[in-house]
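K.L.:
FYI, in the numbering used here the residues of the sequence shown are 1223 to 1439. Structure incoming, see below.
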Amino acid sequence: MKTNKRCLESFHKSECLLFIKKLWEADTLSMFYHPVSKTEVPNYYDVIKNPMDLSTIKANIEKGVYKQDSDVETDVALMLTNALLFNEKGSEWYNLAKELRKKYTEFAKECSLVFDPDGAFIPAKKVRDNETTIRKAERKYKEELNEVINDLEREKEIPLEDLRKLYKRDSSHKSSSLESSRSGASSDSSVSSCSDDLLDEESSTSASSDTEDSASE
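Below is the structure:
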């Protein structure tokens, strides 16, 4: 009995390219076409350490980087998992990644490929855990940003003349502290100088006494 299914342990270039083409056409948001831009999404690479996209996978297929079909599946799984990890649950990007995750095995069958999604995707619990970590970091960042914004808003409510007075008072306080430090240093220097003078005087007195004793002998 003939079958059109291909073994994962071998590599079928044309079928894999067709598979990537189907994923490309199914990507209605064009989110997987190319690597994520650092300029457009600056924090992406802080969260995603192993980025992947369809253009990179296609180039790897054409260059012969992959040795078997399962290598292609692994990178497709990585690409979709990254999207699930980074994007907010319920967003259009998250939903598209979730949809492609369900459909990609069907695309593989249409291309005479056999993939095992259970072996390629990370557990759903790990996705949820990572989502929680990312959300916590985002909340902390927003809280800190809100504090800065609130401080700026409070300063805007203070009249300009009052702000100048506050600044002048702070500057005067800093100047006084600096002068006090200098005065302290000056006093220490004077004390040290007096101590040296006293030592010199005691030495002179002792020398004179020794001279008189010698003369009397």
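We put the CB at the ideal spot given by N, CA and C, even for glycine.
Under three-state DSSP, which class holds residue 1346?
P.N.:
Residue placement at residue 1346 is flagged as unreliable, the pLDDT there being 48, under the threshold of 50; a coordinate-derived value is accordingly withheld.
K.L.:
For residue 1281, collect the residues of the same chain with a Cβ closer than 6 Å to its Cβ; drop the 5 residues on either side in sequence, then sort them by chain order.
P.N.:
Cβ within range, chain order: n/a, list empty.
K.L.:
Among the residues of its own chain, which have a CB less than 8 Å from the CB of residue 1270, if the five just before and after it don't count?
P.N.:
Same-chain partners within the cutoff: 1258, 1304, 1307, 1308.
K.L.:
Residue 1239 and residue 1326: beta carbons closer than 8 Å?
P.N.:
No; because the gap between Cβ atoms is not below 8 Å, this pair is not in contact.
K.L.:
Distance check for residue 1248 and residue 1322, CA to CA, integer angstroms please.
P.N.:
The alpha-carbon atoms of residue 1322 and residue 1248 are separated by roughly 8 Å.
K.L.:
Looking at C-alpha atoms only, which residue of 1296, 1318, 1365, 1310 is the closest neighbour of residue 1278?
P.N.:
Out of 1296, 1318, 1365, 1310, 1296 has the C-alpha closest to the C-alpha of residue 1278.
K.L.:
With H, G and I counted as helix, E and B as strand and the rest as coil, what does DSSP make of residue 1267?
P.N.:
Of the three classes helix, strand and coil, the one that applies to residue 1267 here is helix, per DSSP.
K.L.:
Here's the rule: buried if 16 or more other CB atoms are within 10 angstroms of the residue's CB, otherwise exposed. What is residue 1300?
P.N.:
Answer is buried; the Cβ neighbour count reaches 16.
K.L.:
How is the alpha helix (DSSP H) around residue 1311 delimited, first residue to last?
P.N.:
Note, residue 1311: premise wrong, no alpha helix (DSSP H); not H, not E.
K.L.:
Apart from the five residues on each side of it in sequence, which residues of its chain come closer than 8 Å, Cβ to Cβ, to residue 1260?
P.N.:
Answer for residue 1260: 1266, 1267, listed in chain order.
K.L.:
How is the alpha helix (DSSP H) around residue 1241 delimited, first residue to last?
P.N.:
Here the alpha helix (DSSP H) through residue 1241 covers 1235 to 1248.
K.L.:
Once DSSP output is grouped into helix, strand and coil, what is the label at residue 1260?
P.N.:
Residue 1260: coil per DSSP, three-state reduction.
K.L.:
By Cβ distance, which residues of its chain are closer than 6 Å to residue 1413, with the 5 residues on each side in sequence left out?
P.N.:
At residue 1413, the pLDDT of 49 sits below 50, so the modelled position is not reliable and the matter cannot be decided from this model.
K.L.:
I'd like the list of long-range same chain contacts for residue 1346, defined as Cβ closer than 6 Å, with 5 residues on each side in sequence excluded.
P.N.:
Its pLDDT being 48, under 50, residue 1346 is placed unreliably in this model, and the value from its coordinates should be taken loosely. If we look at residue 1346 and ignore the five residues flanking it on each side, it has no Cβ neighbours.
K.L.:
With residue 1251 and residue 1314 assumed to form a contact (beta carbons below 8 Å), what rounded beta-carbon distance in angstroms separates them?
P.N.:
6 Å between Cβ atoms; contact.
K.L.:
Which residue's Cα is closest to the Cα of residue 1288: 1237, 1255, 1253, 1317?
P.N.:
For the residues 1237, 1255, 1253, 1317, the minimum Cα distance to residue 1288 belongs to 1237.
K.L.:
How is residue 1232 classed by DSSP in three states: helix, strand or coil?
P.N.:
Residue 1232 falls in the coil class under three-state DSSP.
K.L.:
Considering only their Cβ atoms, is the gap separating residue 1275 from residue 1254 smaller than 8 Å?
P.N.:
Cβ distance < 8 Å, so residue 1254 and residue 1275 count as in contact.
K.L.:
I need the straight-line Cα distance from residue 1381 to residue 1262, nearest angstrom please.
P.N.:
Residue 1381 and residue 1262: Cα-Cα distance of roughly 38 Å.
K.L.:
Tell me whether residue 1288 sits in a helix, a strand or coil according to DSSP, three-state version.
P.N.:
Here residue 1288 sits in coil by DSSP.
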